[in-house]
Amino acid sequence: VNPRSMKTTPKSRLSPYYCTVIAFFIIFFNVYSQAQQTSGLPENWPNWAYGYLEPLTEGDRIAPPCPASAKPLDCAYRSPPATDDDGLKFSLPETSFSFTASEADYDYGPADWYPDDHPLMPSVVEQGRQEEKIRACSLCHYPNGQGKMENGHVAGLPYSYILAQLEIFSKGDRRSADPRKANTNEMAMIAKSMTDEEKQAVARYFSSVNFKPLVNVIETTRAPQVRMTTNGLMLPIEDMPFVPLGNRIIEVPKNPQRTAIMRDPKGMFISYVPIGSLEKGKLLVETSNNKTIQCGICHGPDQTGLADIPSIAGRTASYTMRQLWDIKQGTRKSPIMVPIVTNLDADDMLSISAYLASLPP
């Protein structure tokens, strides 16, 4: 065949007009997507569970960008370092140790107030990996895994469950539905950056530590006024009157200074929940009330777990509410839980979260 005799199709070219139109739509789509993310969330959004008192509005701060190439710490909000502590040492009951605020909150080796209360920590739990911007697990979850309302309670979770969740995080299948919550993104990048050996060490460690009572639940119509820390820890405002609680939950540390400054791993929380929420939550949890499936079928009659299924009793209501809501919104992938939340509304989930928080762990 003579190549010169073969017909060829000229390369198609877009006219300047079409290029302009395409560029316009690309720009419009990007602007529209950003506006959708920052112009608000549905009216029933449980802002309190994510550490906010007000709905998201345009111009509010949202989580930093977290591309696949980012280091974990790049995805986090950065709190001002506690450099103004003037060397003042704090102390806690039942320990001879004392630490400054900076030492207690050090990213790559935070204070361990009670080293005799837990096994020897793996390096990634105790110190993280500073060169990779992987902060110590013990910074947010504490050396004993108790955690706080704004992060997670990992003590006593089954070994296989912890491994599975680290894998889900690393695949991007466990994210926050609220675009303001950055520490979930950091956790996902930490899981993605960990070696298999580190993941196994973390799972072995935290599964070997018993979860202890953490929450006192109070049904009420009024709650303290609060302010929020960078990552959503609620702190009561001193010398201010209580305000109507409404249809939300307010959770505060029993001793704010110990929790916020000294990072007391034995610190307790008080959950102020709406009157009637415990009764409604109990009905949903124990009978399903024709809206869901009884929690105890998988989590055990006391909700303290069965085999590889984790306990859900005695955790902070904020944490439980976030998980249910994230699953409902599809940002936390959990096929087994989808039928559970399908017919639940925000009020149902609030009541379930309140009731579960009231149970002994």
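Numbering (UniProt numbering), first residue to last: 1 to 361. The beta-carbon is built from N, C-alpha and C at its ideal position, and this holds for glycine as well.
Rounded distance between the beta-carbons of residue j and residue i, thought under 8 Å
i, j, result
"residue 284", "residue 340", "The Cβ separation is near 10 Å, so there is no contact."
"residue 320", "residue 312", "7 Å"
"residue 275", "residue 220", "7 Å"
"residue 292", "residue 344", "6 Å"
"residue 354", "residue 217", "6 Å"
"residue 107", "residue 139", "6 Å"
"residue 186", "residue 104", "Contact doesn't hold; Cβ gap of about 19 Å is too wide."
Pick from the options that is closest to residue i, judged by C-alpha positions
i, options, result
"residue 63", "271, 176 and 115", "176"
"residue 135", "109, 349 and 259", "109"
"residue 280", "298, 350, 225 and 43", "350"
"residue 117", "153, 212 and 256", "212"
"residue 58", "44, 358, 126 and 40", "40"
"residue 146", "232, 209 and 92", "209"
"residue 200", "143, 185, 192 and 162", "162"
"residue 193", "231, 215, 348 and 130", "130"
"residue 322", "150, 105 and 244", "150"
"residue 148", "302, 301, 231 and 46", "231"
"residue 233", "239, 222 and 250", "250"
Buried or exposed by the 16-neighbour rule on C-beta atoms within 10 Å, applied to residue i
i, result
"residue 4", "With a pLDDT of only 41 at residue 4, under the threshold of 50, the placement of this residue in the model should not be trusted; the figure read from the coordinates follows. The residue in question, residue 4, is exposed, as its Cβ has fewer than 16 Cβ neighbours within 10 Å."
"residue 174", "buried"
"residue 165", "buried"
"residue 356", "buried"
"residue 87", "exposed"
"residue 96", "exposed"
"residue 259", "buried"
"residue 361", "buried"
"residue 42", "exposed"
"residue 318", "buried"
"residue 290", "exposed"
"residue 237", "exposed"
"residue 316", "buried"
"residue 44", "exposed"
"residue 127", "buried"
"residue 253", "buried"
"residue 346", "buried"
"residue 246", "exposed"
Opening and closing residue of the alpha helix (DSSP H) in which residue i lies
i, result
"residue 166", "159-170"
"residue 185", "183-193"
"residue 339", "338-341"
"residue 110", "No alpha helix (DSSP H) holds residue 110; DSSP gives it neither H nor E."
"residue 206", "196-207"
"residue 125", "123-126"
Element boundaries [beta strand (DSSP E), containing residue i]
i, result
"residue 226", "226-228"
_Across the segment 46-56 and the segment 176-183, are there enough close Cβ pairs to call them in contact, namely three or more that are closer than 8 Å?_
yes
*asked:* Under 8 Å, with one C-beta from each stretch per pair, do the segment 259-267 and the segment 327-347 reach the 3-pair mark?
replied: no
_Three Cβ pairs or more, each shorter than 8 Å: is that satisfied between the segment 66-74 and the segment 119-135?_
yes
*For the segment 195-211 and the segment 111-122, state whether three or more C-beta atom pairs, one from each stretch, are separated by less than 8 Å.*
yes
*asked:* Count Cβ pairs between the segment 301-318 and the segment 141-158 that sit closer than 8 Å; are there 3 or more?
replied: yes
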